[in-house]
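Here the structure is laid out as structure tokens; the discussion comes afterwards.
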Amino acid sequence: MTAPDSNAAQIAAAAAAANALPPAADERPEWTPRAEMTVLNREIPRLDGPQKVTGRARYTHDVRLPGMVYARLVVTPYARADVGRISLTAARKVPGVVYAETVKADDEGVRYQGYDGILVVVAAETPEAAEDGVRAVRAKVTPLRPPLVTPEQALADGAPQITRRGNVSSESSRGDSDAAAAALEGCDAVVEATYTLPVQHHVCLETHGCVVDYRGGDSATVYHSSQYVTGGPQEFAQYLELPRGNVRVICEHMGGGFGSKFGAGTEGLLACQTAKALGRPVHLMLTREDEFLMAGNRSGSKQRMVGGATKDGKLRALLVEADRLGGVGQGSLPTPPYIYDVETSWSRLRSVHTATDSNRAQRSPGHPQASFAMESLVDELAYALSIDPLAMRLANLSDPVYHRQLQRAAREIGWDAHPHKTAHGAPDADGRALGIGFGVSTWGSSSRPDAIVEVRIHPDGSLEVSNAVQDIGQGSRTLVAAIVAEEFGLPVSAVTPRIGDSSLPTSVYSGGSITTGSVAPAVKDAAFNARTALAARVATALGVEPDTLVFRGGRVEVRDDPSVGMSWKGACALLGGDPLTASGKYRDHLHGERVHGAQAAKVSVDVLTGRVRVLRMVCVQDQGIPFNRMALRSQINGGLIQALSYGLFEERVIDPIHGVMLSDDLEAYKIAGAQEMPEFTVILDDDDDRQAAMGMAEAPNIPGHGAIANAVYNACGVRVRDMPLTPDKILTKWLEMQR
Amino acid sequence: MNAFAWQRPGTVAQAAALLPSDVDDRSAALMAGGQDLLTELRNHLVEPERVVSLKGVAGLDALRFESDGSLVIGALVTLERLAADAQVRARLAVLAEAALSVGSPQIRAAGTVGGNLNQRPRCWYYRNEAMVCLKKGGDECFAQSGMNKYNAILGGGPSYIVHPSDLAPALVALSAEATLVSPRGARTLKLEDFYKLPSEVGPQRETVRAGDEVMTEVRVPAPAPGMRSTYAKFKERGSYDWALSAVALCLWTSGGAIADARLVLGGVAPKPWRTPSTEALLKGRVVDDETCRLAGVEALRGAAPLADNGYKIPLTQGLLTRALRSLS
Ligand SMILES: Cc1cc2nc3c(=O)[nH]c(=O)nc-3n(C[C@@H](O)[C@@H](O)[C@H](O)COP(=O)(O)OP(=O)(O)OC[C@H]3O[C@@H](n4cnc5c(N)ncnc54)[C@H](O)[C@@H]3O)c2cc1C
Ligand code: SF4
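Going down the list, the sequences are from chains A and B. Counting in my numbering, the first sequence runs from 1 upward without gaps. Counting in my numbering, the second sequence runs from 1001 upward without gaps.
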């Protein structure tokens, strides 16, 4: 997988270029004050919404090219296996099959579940023929035992080595364990607990893959379901052995990425090899089973914690030993304590490897895991001290933003009137108990300096904005158009956005909530430059100074004397025959960092069945300028839904004896559906007056499941420390409590 | 799925004649709505050379109450139609509720009654092609010592599947009968006797159906007057899911006490699980906490959970309590 950092050189070069030409101070673009905005800071329906809901939007999966073949993979279901002779004779004889090649060298075994389990690639004229070809491949595969799919198996004495780094790697510690242990002595309450989280899949509705349009010669176009269109040509050119400039990557629409689609992946490499061998376009999209086996995941985690607090609710001591469970990957987990202030803390983190698919970035990598453990621990200490868990949180959060947001969330969810705040409640006569829980989140929302944007004004008044950025669902297509529309006092519909194509000006990847913070400043800069240039033409025609002109309501006019001016079309007609093109680049002063959120969840727990029903989720979230309030709310809803689904259902299941994945479809890998949806109350924190562009998509995904778990405890006293909160666990714990 | 020949007979007799009589001969498969069969084909659990569609057979879509109060349900009646029928909802609530609890609207629109009653199990080892367990002719039940959260707590061994059909417990509670037609003629049997445990018919089958028998209709006799009924199904996920446990309950009361009861459990055993001793216990009692408790203990008597499915005992007891209370 290509880490986004592999383009570091490119990024550095762009940064140098950006710094080489410091703009004159008086020409600096500045964001329009929010109250004066006419397009932004409003509800802007997504421009591609109608296309998407009517099925007209073309995804990578939908690409059909003349002469195209369909490729499929032969994948072993076992985590580790010896592979004997692979026979392709029968597969090659299947009518329609045009290609069948082994991926493995002779005697090369399967060392882990994931990319290493791919044995053969088959390509055929139709998907059906390709599948028949896959079925006709004969391979002698002998599963190895133990399969090394659990941390216990990997850590057992004499366990075979899983990765080159061993079965445990990347150990690090922070703080002084003796000091932290000593600090526990002075505490009024100490909680010792182990919190575990399962491996979660991204579950992109569109599986991973690409269509490589290569027919021989020295150039190619690749349709790729990608979170990094600009970065695509580098990788695909390498795989196709073509000059980078001759490879174009296109991603018009995307069916989800969530951090798992930065690179071409092995599927991309194999598609390129097949296309090269055949000189024909190749369609290679993973099946759902392949996707679950090899397309990455959120690492699991096991966190052993000892925490102590004093009567005043202050967190005094914390000791954490945590395992990141990222398969053959490193896994991710921020260093504890997460968000909260703890006087003395010590932690030791390590990666425990298993012979399973590597984790990848997934929406707020590591944070939901850390958040669950820390929010649970804070909650447990609050109840142990008979302190209101809201007050306990406020006592240990120094940033005043959290105080404002938590109090708002508490007000919305009805915490004041809630009957049991410092001890858990009990079920009613029918067996149902109500509870409320809280959690907070943070995200850095940094930026990258490489975005370059072009704005083009045509003499007929039409307007284009171009940047290679992909719209992975966050609404970047709509955003780039809206920023330009705002600049020119036009409706969004007056602007044509061109995105999702590597032949357009450079953009950034979509990951780590950097897209908006990196692209919006460059769009603003380009729009500002275009407006300045057009204003100069209009000023000359009107015989006024350019800086007296304003663009508003479809006109260009003198600010204090609107009778002097002309229509937008009239202004553009001044351009004569040629369009006006202006480019813009990333401007750091237009970007801001660090977002905050607070969430509250209200649940009903049925102690007769163990069902947790989430009734309501409240999220208060800041994000600098709320460019598109509708898109923001929908991002936040999505984050809440993902957290709810993670908290209630999601869990990868691999049989520990045979190493076969049992949850390899959407029947067994359960995700929340319409029936599980609570009422969502999403509050954009308008008290955040930072006039800055920043992304925030990671943050809403972080604390929801922890808040739900805390609400379950508040309802009935059942504390689940191993996610997800499935009915079997709730019921078993409830009955233990009754004994 | 593999390529197959598509056969579309026009009569039941023609359909039956196209099927091999031996259940172990999988060269042809019968298909109604395809909601289960297609998943089996896709996962290569069956690889028939021929698929025989029932959809061209006329006369299998009756849904009517006879003058004697019995209900006739043709095998091709969809779950959607059954769930929405006003008469069925008013007179046989347990059946309408069971039909409505199945899958998603899409599944109910295509899925039929015959297909629902004859569907194959969902055990995730069975559904995974790589795992050749007892049910697929292998020599081990992987669930027994493996991941068995969803498996049987009653009547298990040597296979521990739970029967997946939601209609089956409801129809068994209603004392329904099914008619099966083969080239040898027709036979009608109680649905209760149609389903069998793995210990009775071996781990590879769930019913006594011969390979060439087509289920043509199900008949629900008129219930004794005054019946109230309900189907309490618990699914882990609301949107579409099979039962972790389900309770089909028909109750007759007189003077505040239970005069008679039929109780069948779903999702906990390889077949719809009747518990006559619980029905006997309920007779003459009023529905109160003690009755619910005693009935719960009796209904789960003999339960032998595996490592991960012990929760099904209290879950089923909770559902039974809810069902009893909702009808009293
Ligand atoms: C996502 C999903 C969720 C589901 N959820 C549920 C659920 O909650 N509860 C539930 O009960 N089911 C559920 N199902 C199973 C669903 O397939 C059945 O409920 C449906 O009724 C099957 O009917 P069908 O007509 O589509 O059957 P088909 O797939 O056509 O047939 C199923 C089986 O029955 C046999 N068969 C069909 N008709 C006859 C007949 N007349 N005589 C003899 N044999 C016959 C076929 O040979 C086949 O083996 C679900 C299925 C899916 C895919
Ligand atoms: S319960 Fe039955 S289907 Fe499941 S593994 Fe055991 S034998 Fe196979």
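Backbone N, C-alpha and C define an ideal beta-carbon position, used for all residues, glycine too.
Option in the options with minimal Cα separation from residue i
i: A:Leu315; options: A:Glu291, A:Ala295, A:Lys276, A:Thr344; result: A:Thr344
i: A:Arg80; options: A:Asp357, A:Ala71, A:Ile499; result: A:Asp357
i: A:Ala668; options: B:Met1147, B:Ala1028, B:Ala1083; result: B:Met1147
i: B:Met1256; options: B:Arg1237, B:Pro1048, B:Val1286, B:Phe1234; result: Reading off the sequence, residue 1256 of chain B comes out as Gly, not Met. For the residues B:Arg1237, B:Pro1048, B:Val1286, B:Phe1234, the minimum Cα distance to B:Gly1256 belongs to B:Val1286.
i: A:Asp622; options: A:Gly592, A:Glu651, A:Leu615; result: A:Gly592
i: A:Ala275; options: A:Val121, A:Arg611, A:Val94, A:Asn710; result: A:Val121
i: A:Met694; options: A:Gly565, A:Ser510, A:Ala530; result: A:Ser510
i: A:Ala482; options: A:Val199, A:Glu698, A:Arg629; result: A:Arg629
i: A:Asn762; options: A:Gly256, A:Gly255, A:Pro233, A:Ala535; result: Since the displayed chain A opens at 1 and closes at 739, residue 762 of chain A lies outside it and no answer follows.
i: B:Val1264; options: B:Met1131, B:Pro1183, B:Ala1323; result: B:Ala1323
i: A:Leu385; options: A:Ala179, A:Ala423, A:Glu545, A:Gly263; result: A:Ala423
i: A:Gln336; options: A:Leu549, A:His458, A:Gly327, A:Leu349; result: The residue you asked about is not Gln; residue 336 of chain A is Pro in the sequence shown. Of the candidates A:Leu549, A:His458, A:Gly327, A:Leu349, the one whose C-alpha sits nearest the C-alpha of A:Pro336 is A:Leu349.
i: B:Thr1275; options: B:Trp1124, B:Pro1169, B:Gln1035; result: B:Pro1169
i: B:Thr1230; options: B:Val1172, B:Ala1029, B:Ser1326, B:Ser1239; result: B:Ser1326
Residue range of the unbroken beta strand (DSSP E) whose run includes residue i
i: B:Ala1097; result: Checking the displayed sequence, the identity of residue 1097 of chain B turns out to be Glu instead of Ala. Looking at the DSSP string, B:Glu1097 is not in any beta strand (DSSP E); the run it does join, the alpha helix (DSSP H), is 1093–1100.
i: A:Val97; result: 97–102
i: A:Gln599; result: 595–606
i: B:Gln1007; result: 1005–1007
i: A:Trp443; result: 432–443
i: A:Leu119; result: 118–124
i: A:Ile452; result: 452–457
i: A:Ser583; result: 580–585
i: A:Pro700; result: Counting along the chain, A:Pro700 falls outside any beta strand (DSSP E), and DSSP gives it neither H nor E.
i: A:Met294; result: Unbroken run through A:Met294 is the alpha helix (DSSP H), 288–294; no beta strand (DSSP E).
Check whether residue i and residue j have beta carbons under 8 Å apart
i: A:Ser567; j: A:Gly554; result: yes
i: B:Val1052; j: B:Leu1018; result: yes
i: A:Gly638; j: A:Val440; result: no
i: A:Arg189; j: A:Gly437; result: Inspection of the sequence shows that residue 189 of chain A is occupied by Ala rather than by Arg. In this structure, A:Gly437 does not lie closer than 8 Å to A:Ala189 by Cβ.
i: A:Tyr195; j: A:Gln303; result: yes
i: B:Leu1060; j: B:Leu1054; result: yes
i: B:Leu1082; j: B:Ala1099; result: yes
i: A:Glu454; j: A:Pro505; result: yes
i: B:Gly1211; j: B:Asp1025; result: yes
i: A:Tyr99; j: A:Ala277; result: yes
i: A:Leu644; j: A:Pro724; result: no
i: B:Arg1228; j: B:Ala1176; result: no
i: B:Val1247; j: B:Ala1259; result: no
Residue i: first and last residue of the uninterrupted alpha helix (DSSP H) it sits in
i: A:Ala541; result: 515–542
i: A:Arg424; result: The sequence shown places His at residue 424 of chain A, not Arg. Neither: A:His424 is in no alpha helix (DSSP H) and is coded neither H nor E.
i: A:Leu731; result: 727–738
i: A:Thr266; result: 265–278
- Segment contact, 8 Å Cβ cut-off, at least three pairs: the region 175–185 of chain A with the region 655–662 of chain A: No contact exists between the region 175–185 of chain A and the region 655–662 of chain A.
- Query: Taking the runs of the beta strand (DSSP E) that are 3 residues or longer, which of them lie wholly in the region 1236–1321 of chain B?
  - Reply: 1245–1254, 1257–1266, all fully within the region 1236–1321 of chain B.
- Per the contact definition of three or more C-beta pairs closer than 8 Å, is the region 1106–1118 of chain B in contact with the region 1141–1157 of chain B? No, the region 1141–1157 of chain B does not touch the region 1106–1118 of chain B.
- Answer yes if the region 545–562 of chain A comes into contact with the region 489–500 of chain A, meaning at least three C-beta pairs across the two stretches below 8 Å, and no otherwise. Contact between the region 489–500 of chain A and the region 545–562 of chain A is present, because at least three Cβ pairs lie under 8 Å.
- Item | beta strand (DSSP E) runs wholly inside the region 141–227 of chain A, at least 3 long, in chain order | Counting only runs of 3 or more, we get 168–175, 189–197, 209–213, 220–224.
- Are there three or more Cβ pairs, one per stretch, closer than 8 Å when the region 284–295 of chain A is compared with the region 199–216 of chain A? Touching, yes.
- What are the complete beta strand (DSSP E) segments, minimum 3 residues, inside the region 341–415 of chain A? Along the length of the region 341–415 of chain A, whole beta strand (DSSP E) runs at least 3 residues long occupy 344–352, reported in chain order.
- Would you call the region 1176–1194 of chain B and the region 1294–1312 of chain B touching, i.e. three or more CB-CB distances under 8 Å? The answer is no - the region 1294–1312 of chain B does not touch the region 1176–1194 of chain B, with fewer than three Cβ pairs under 8 Å.
- Message: Would you call the region 668–681 of chain A in contact with the region 226–241 of chain A, where contact means no fewer than 3 C-beta pairs closer than 8 Å?
- Response: The region 668–681 of chain A makes no contact with the region 226–241 of chain A; the number of CB pairs closer than 8 Å stays below 3.
- Query: Taking contact to mean at least 3 C-beta pairs separated by less than 8 Å, is the region 121–130 of chain A in contact with the region 61–81 of chain A?
  - Reply: Contact between the region 121–130 of chain A and the region 61–81 of chain A is present: 3 or more CB-CB pairs across the two stretches fall below 8 Å.
- Three CB pairs or more closer than 8 Å across the region 55–68 of chain A and the region 30–40 of chain A: The region 55–68 of chain A is not in contact with the region 30–40 of chain A.
- Message: Does the region 321–340 of chain A come into contact with the region 292–308 of chain A, if we say contact requires no fewer than three beta-carbon pairs (one atom in each stretch) closer than 8 Å?
- Response: Under the 8 Å Cβ criterion, the region 321–340 of chain A counts as touching the region 292–308 of chain A, having at least three qualifying pairs.
- Item | Unbroken stretches of the beta strand (DSSP E), 3 residues or longer, contained in the region 1131–1189 of chain B | List check, beta strand (DSSP E) in window: 1177–1182.
- Query: Quick check: the region 572–589 of chain A against the region 515–530 of chain A, are there 3 or more CB pairs under 8 Å?
  - Reply: Three or more Cβ pairs drawn from the region 572–589 of chain A and the region 515–530 of chain A lie within less than 8 Å of each other, which places the two stretches in contact.
- Task: Say whether the region 1002–1015 of chain B touches the region 127–139 of chain A, bearing in mind that this needs 3 or more beta-carbon pairs closer than 8 Å, one atom from each stretch.
- Result: Flag = yes, the region 1002–1015 of chain B and the region 127–139 of chain A touch.
- Message: Quick check: the region 1038–1045 of chain B against the region 1084–1091 of chain B, are at least 3 beta-carbon pairs closer than 8 Å?
- Response: With a cut-off of 8 Å, the region 1038–1045 of chain B and the region 1084–1091 of chain B do not count as touching, because too few Cβ pairs lie within range.
- Message: Report the start-end ranges of each beta strand (DSSP E) in the region 458–500 of chain A that is 3 residues or longer and not cut off at the edges.
- Response: For the region 458–500 of chain A, whole beta strand (DSSP E) runs of length 3 or above, ordered along the chain, are 463–466, 495–498.
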